[in-house]
Amino acid sequence: MVVEKEVLPYLQWLLFSNQGYGALFAFLLLVSAASLVGILVCYAVTSARIGLWEAFYAVAQTIANAFPDFRRTSFGRVAALSRLAIQESIRRKVLVAFAIFAVILLYAGWFLDVRTDHPARLYLSFALTATNYLILVMALFLSTFSLPNDIKNRTMYTVATKPVRATEIVLGRIVGFSIVGTAMLALMGIVSYGFVVRNLSHNHTLDADPAEIEASLAKDGVWEGETSPDAKGLHRHPIRIDRRRLDEGGDITTELERGHWHVVRRTGEGAAARYAIGPPEGQLQARVPVYGKLSFLSRTGTAGDGVNVGSEWGYRKYIEGGTLASAVWTFENITPERFPDGLPLELNLSIFRTHKGNIEKTVLGTLFVKSPNRGAKIRSSTPRNFHAQEFVVDRQRIPRKLQAIDGETSTIKDIDLFDLVEDGKLEVWLQCAERGQYFGVAQADLYVRSANRPFWLNFIKGYAGIWLQMVLIVGFGVTASTFLSGPIAMLGTLGAVVLGLSATFVFGVFGGAIQANPILGPIVGTIISEEKAMPGGGPIESLVRLVTQKNIMIELDFPWLAELIIKSLDAAMLGSMLAVTRMLPDFAFFDTTKYLAYGFDIDNALLAQQATIVAGYMLVLTIVGYFFLKTRELAA
Amino acid sequence: MPGPAAAEQTAARTASPPVADIVIETRSLSKVYRDFWGRQKVRALKALDLHVKRGEIFGLLGPNGSGKSTTIKLLLGLLFPTSGQALVFDRDATDVENKDKIGYLPEESYLYKFLNAEETLDFYGRLFNMPADRRKARIQELIDMVDLNWAKRRQLKEYSKGMTRRIGLAQALINDPELIMLDEPTTGLDPIGTRQMKDLILDLKARGKTVLMCSHLLADVQDVCDRIAILHQGELKELGRVDMLLSVQDVTQVRAKGLSKEAEAEIRAVIERHGGELLAMENPRTTLEELFLNIVQDAGARPGRRAARDA
Ligand SMILES: Nc1ncnc2c1ncn2[C@@H]1O[C@H](COP(=O)(O)OP(=O)(O)OP(=O)(O)O)[C@@H](O)[C@H]1O
Ligand SMILES: [Mg+2]
Numbered sequence: 002m003v004v005e006k007e008v009l010p011y012l013q014w015l016l017f018s019n020q021g022y023g024a025l026f027a028f029l030l031l032v033s034a035a036s037l038v039g040i041l042v043c044y045a046v047t048s049a050r051i052g053l054w055e056a057f058y059a060v061a062q063t064i065a066n067a068f069p070d071f072r073r074t075s076f077g078r079v080a081a082l083s084r085l086a087i088q089e090s091i092r093r094k095v096l097v098a099f100a101i102f103a104v105i106l107l108y109a110g111w112f113l114d115v116r117t118d119h120p121a122r123l124y125l126s127f128a129l130t131a132t133n134y135l136i137l138v139m140a141l142f143l144s145t146f147s148l149p150n151d152i153k154n155r156t157m158y159t160v161a162t163k164p165v166r167a168t169e170i171v172l173g174r175i176v177g178f179s180i181v182g183t184a185m186l187a188l189m190g191i192v193s194y195g196f197v198v199r200n201l202s203h204n205h206t207l208d209a210d211p212a213e214i215e216a217s218l219a220k221d222g223v224w225e226g227e228t229s230p231d232a233k234g235l236h237r238h239p240i241r242i243d244r245r246r247l248d249e250g251g252d253i254t255t256e257l258e259r260g261h262w263h264v265v266r267r268t269g270e271g272a273a274a275r276y277a278i279g280p281p282e283g284q285l286q287a288r289v290p291v292y293g294k295l296s297f298l299s300r301t302g303t304a305g306d307g308v309n310v311g312s313e314w315g316y317r318k319y320i321e322g323g324t325l326a327s328a329v330w331t332f333e334n335i336t337p338e339r340f341p342d343g344l345p346l347e348l349n350l351s352i353f354r355t356h357k358g359n360i361e362k363t364v365l366g367t368l369f370v371k372s373p374n375r376g377a378k379i380r381s382s383t384p385r386n387f388h389a390q391e392f393v394v395d396r397q398r399i400p401r402k403l404q405a406i407d408g409e410t411s412t413i414k415d416i417d418l419f420d421l422v423e424d425g426k427l428e429v430w431l432q433c434a435e436r437g438q439y440f441g442v443a444q445a446d447l448y449v450r451s452a453n454r455p456f457w458l459n460f461i462k463g464y465a466g467i468w469l470q471m472v473l474i475v476g477f478g479v480t481a482s483t484f485l486s487g488p489i490a491m492l493g494t495l496g497a498v499v500l501g502l503s504a505t506f507v508f509g510v511f512g513g514a515i516q517a518n519p520i521l522g523p524i525v526g527t528i529i530s531e532e533k534a535m536p537g538g539g540p541i542e543s544l545v546r547l548v549t550q551k552n553i554m555i556e557l558d559f560p561w562l563a564e565l566i567i568k569s570l571d572a573a574m575l576g577s578m579l580a581v582t583r584m585l586p587d588f589a590f591f592d593t594t595k596y597l598a599y600g601f602d603i604d605n606a607l608l609a610q611q612a613t614i615v616a617g618y619m620l621v622l623t624i625v626g627y628f629f630l631k632t633r634e635l636a637a
Numbered sequence: 302m303p304g305p306a307a308a309e310q311t312a313a314r315t316a317s318p319p320v321a322d323i324v325i326e327t328r329s330l331s332k333v334y335r336d337f338w339g340r341q342k343v344r345a346l347k348a349l350d351l352h353v354k355r356g357e358i359f360g361l362l363g364p365n366g367s368g369k370s371t372t373i374k375l376l377l378g379l380l381f382p383t384s385g386q387a388l389v390f391d392r393d394a395t396d397v398e399n400k401d402k403i404g405y406l407p408e409e410s411y412l413y414k415f416l417n418a419e420e421t422l423d424f425y426g427r428l429f430n431m432p433a434d435r436r437k438a439r440i441q442e443l444i445d446m447v448d449l450n451w452a453k454r455r456q457l458k459e460y461s462k463g464m465t466r467r468i469g470l471a472q473a474l475i476n477d478p479e480l481i482m483l484d485e486p487t488t489g490l491d492p493i494g495t496r497q498m499k500d501l502i503l504d505l506k507a508r509g510k511t512v513l514m515c516s517h518l519l520a521d522v523q524d525v526c527d528r529i530a531i532l533h534q535g536e537l538k539e540l541g542r543v544d545m546l547l548s549v550q551d552v553t554q555v556r557a558k559g560l561s562k563e564a565e566a567e568i569r570a571v572i573e574r575h576g577g578e579l580l581a582m583e584n585p586r587t588t589l590e591e592l593f594l595n596i597v598q599d600a601g602a603r604p605g606r607r608a609a610r611d612a
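Chains as they are written, first to last, in the working numbering: chain A, 2 to 637; chain B, 302 to 612.
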């Protein structure tokens, strides 16, 4: 699971996230800029029709009239109009969407790979993605066709001649369709939950004769074997029953297989002993990870950076095996109160091999826990070795009782984990023990699992993300439909979603076009980072290259002026596109399916940020919708 | 004998109304329909000046496409004037504050087909923020009034044209409006319905409401309207009290009873002296149909001229 961006605490995000300017500031800046442009455009259009002075009066009047309209917006009328929207949706048979959903899930087995190693991930992401797309399509259709239909059928005449304000018409629809979407989402959520749980639940038994196990335990102290296969015959779990562990009263668990394990329970003793295998565990979970700050030590053990092993995604950095190269995570707020039983670490590494071999074979790794205090008498625990397997979550519990080397006497001492903690800070060092192999790590690849939240709660949070997207689509759809006809409003909303999703791309192309510009490039090109500037230029240059058959890596080789014109036009075009894109929501930000599927708790701060963004958009969209509807001749 | 208060009231009613009693006022109201590109398509209304007083039944007449519905839509704020002003209750026609006191029956009943009669009225009632109990009582009252009690639970898509019309009327009256605009109120209604509609309009007038209606059915207009305006291709051709408009001013009809032979001879002599011929002594009445056809023909022959009479 890739958490590329860490989730900031809510207030920090709101007030300081972007180089000191928070989301709130960005919002206010965008809204003021957009309103200014909006007012100017309106004034220009109006004055073309009725003259400069008259237009000024008309625009001012419209804006002045808006305030009493906003103030007198009545909850009762919004409720009446949303009731109508709900009745309309029912008449337009929205339940069909739900029927489609149920059918898709029913036949999911046909197109899902049941042999996957991670069935929980598969079923969860499938159910959530299906829900997401269906709900969004439904929201799109409902919200964009309603108002244009009312205007076309002229039912709007009888509504608009009642004391109804444009805000109420817009809000009524947004609220109504959101309620419909909520109901559908709730239904789909319940069905999905059932679908996931039902598909993941299975039983194993122990086929071995209990007497045989007992005999083996008595003789060797352990018994090793396998569970029976599950009903679909897809997997078995190896089991190792340890006499000592049984006597201690510890849990016996099966080996991890397909992302889960089972607890084995023994009842009775001796001849009367029976073994029972519990339900699958560990596949539907909501881990709360605590991330540390990652830094690297070079192969000689001095401060340095991880290496890049070639044309790889820059997200992970690599440490070389058999050297002192280390990845060091510094964790904060590590207190005995939070972790009374030691540190539950989880790591998830990528492995880069320089010699051929069995890709399934594990690579030996070493973990140390160290004090951040360089001068401490006892600085480091003794090494803990583990077998790393690529992209399998490895669970390592660092116990309270540790051994460490006393720096002065060079003897091994028993210490407590928290003896190494300084001001709540603790370092975890990772090294690769095998020569010629590399571990690839990113900050989020090693974390302390601080708690487990209930899975159902996380499931609801995942659905909340979909819900927010649905509300956003409804808002965009209804607002677009205040000035566009149904199909155009639908396409427009869809376009907004796609453009919002491709913000990074647009920015990249724009950056590339600026850098390549003969005049702008030297002046402002340097402030655009190399990663963000994509070669090949904007639409016009691309077209020229297409026609002249020049690929994006070679120079255009046109006369200087021609090149300047092409590139400047491109930059202008992309710049305005970027301006629009900046105002659209990044729908990817709302997609929390991954967290849910990979078993990570969805951070409440993330949810709060998403909700805030949606609230901001809804406010602006309602106001924009108001002005469009208010200034529109409904009978023309 | 009427008391002094009653006398005062009569006096007030006959005296020309104070300005506050003007419910609708248009000042050289014009409307040009434009197409998507802003090109002029139709000049639907040309500099219309009208005043409608409180408590009046005002009829808008005119052939198809003469701008009657356009006028009403301008007065409701559904259209914006190209130039001129439309004022209702002394405010701009687009002002939402007005709408509490207005009822509107559109040309065709534009209602939500998936609602039944009760739900329809309930919906519109809610738009006026009427409290639930008052809304319920009012809905039943209106459904009884338009004789749809038997079909009140059926969806409007199953309704016949006349039934839809009736529920449309009920919808227009849900808020007990001060001013009711009826766009061709009797189309689609059966003779009983037509009769009821006219009675209703007169009843509204009796309760002090103002009614603006437009219609082709001249007999209806003649029966109920106090004043009428006749539009032709967006121009005002005729405006006045119905009884005045329909009296033929250049003809005098004298009819008398109980006159002696001498007296009769004297009158004849007078008439003869003035070179006339006595038929009967009164102002005869023409029908509105005749007036209407005359005006339309006249307008066809001499476009741009306004008939010379005024109320
Ligand atoms: N939405 C519109 N777009 C363009 N032209 C229109 C529109 N509505 C009406 N018109 C034109 O305006 C003129 C006046 O139409 P209006 O509907 O006011 O007539 P009317 O007097 O109500 O006619 P009828 O008796 O047939 O109802 C007509 O020429 C008509 O074609
Ligand atoms: Mg009409």
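Every residue, glycine too, gets a C-beta built ideally from N, C-alpha and C. Since the model is a prediction, treat every value here as computed from it, not as a measurement.
Coarse secondary structure for A/V165, derived from DSSP in three states: coil
Buried or exposed by the 16-neighbour rule on C-beta atoms within 10 Å, applied to B/A316: Because B/A316 sits at a pLDDT of 45, beneath the cut-off of 50, its placement in the model cannot be relied upon, and the following sentence gives the value as read from the coordinates. Burial call: exposed.
Measure the beta-carbon distance from B/L483 to B/L406 and round it to whole angstroms, keeping in mind my assumption that it falls under 8 Å. 5 Å
For A/H203, which residues from the same chain have a beta carbon less than 8 Å from its beta carbon, with the 5 sequence-adjacent residues on both sides left out? D231, A232, K233, P281
Give me the residue from B/K453, B/Y413, B/P432, B/G489 with the minimum Cα distance to A/T159. B/Y413
With DSSP as the reference, label A/F178 as helix, strand or coil. helix
Check the Cβ of A/A636 against every Cβ in chain B and list those closer than 8 Å, keeping chain order. K374, L379, L380
What is the residue span of the alpha helix (DSSP H) that A/A272 lies within? Counting along the chain, A/A272 falls outside any alpha helix (DSSP H), and DSSP gives it neither H nor E.
Please report the straight-line C-alpha distance between B/V343 and B/G368, rounded to a whole angstrom. 10 Å
Integer Cβ distance of A/A67 from A/L630, believed to fall under 8 Å: 11 Å between Cβ atoms; not a contact.
Contact between the segment 593-602 of chain A and the segment 282-297 of chain A: three or more CB pairs below 8 Å? yes
Three-state class that DSSP yields for A/K378 in the structure shown: coil
Indicate whether at least one CB of chain C lies closer than 8 Å to the CB of B/Y411. Here the protein chains are A and B, and chain C is not one of them.
CB contact flag (A/L635, A/I40, <8 Å): no
Runs of beta strand (DSSP E) wholly within the segment 377-424 of chain A (minimum 3 residues, chain order): 385-389, 395-399, 402-406, 413-417
Could you tell me the distance, in whole angstroms, from the CA atom of A/Q397 to the CA atom of A/Y448? 10 Å
If we cut at 8 Å on Cβ distances, does B/I325 have a partner in chain A? no
Tell me whether A/Q550 sits in a helix, a strand or coil according to DSSP, three-state version. coil
How big is the Cα-Cα spacing for A/I553 and A/G537? 4 Å
Can you check whether the C-beta of B/V597 is within less than 8 Å of a C-beta belonging to chain A? no
Cβ distance (whole Å) where A/I335 is taken to contact A/V422 below 8 Å: 5 Å
Would you say B/V324 and B/T511 are within 8 Å of each other, going by their C-beta atoms? yes
Selection from B/D521, B/L422, B/R355 that minimises the alpha carbon distance to B/G494: B/D521
Taking the alpha-carbon of A/V291 as reference, which of A/K371, A/R546, A/P345, A/F196 has the nearest alpha-carbon? A/P345
Would you say A/K153 touches ligand 2, meaning its beta carbon is less than 7 Å from a heavy atom? no
How do the segment 171-190 of chain A and the segment 86-101 of chain A stand: do at least 3 beta-carbon pairs fall below 8 Å, yes or no? yes
Excluding the five sequence neighbours on either side, which residues of its own chain have a C-beta within less than 6 Å of the C-beta of B/L540, listed in chain order? A530
For B/V397 and A/P164, what's the separation of their Cα atoms in angstroms? 5 Å
On the three-state DSSP scale, how would you describe A/S296? strand
For B/V512, report the span of its beta strand (DSSP E) as first-last. 511-515
Taking 8 Å as the threshold (beta carbon to beta carbon), is A/Y294 in contact with chain B? Per the sequence shown, the amino acid found at residue 294 of chain A is Lys instead of Tyr. So, not an interface residue.
Touching or not, the segment 207-217 of chain A and the segment 267-278 of chain A, by the rule of three or more beta carbon pairs under 8 Å? yes
Which residues, in order along the segment 426-455 of chain B, keep a beta-carbon less than 7 Å from a beta-carbon of chain A? R427, L428, F429, N430
Give me the Cα-Cα distance between B/R314 and B/G509, rounded to the nearest whole angstrom. With a pLDDT of only 43 at B/R314, under 50, the local geometry of the prediction cannot be trusted, and no value is derived from it.
Identify whether A/A45 lies in helix, strand or coil by the three-state DSSP scheme. helix
Cβ-based contacts, 7 Å cut-off: residues of the segment 496-519 of chain B near chain A: none
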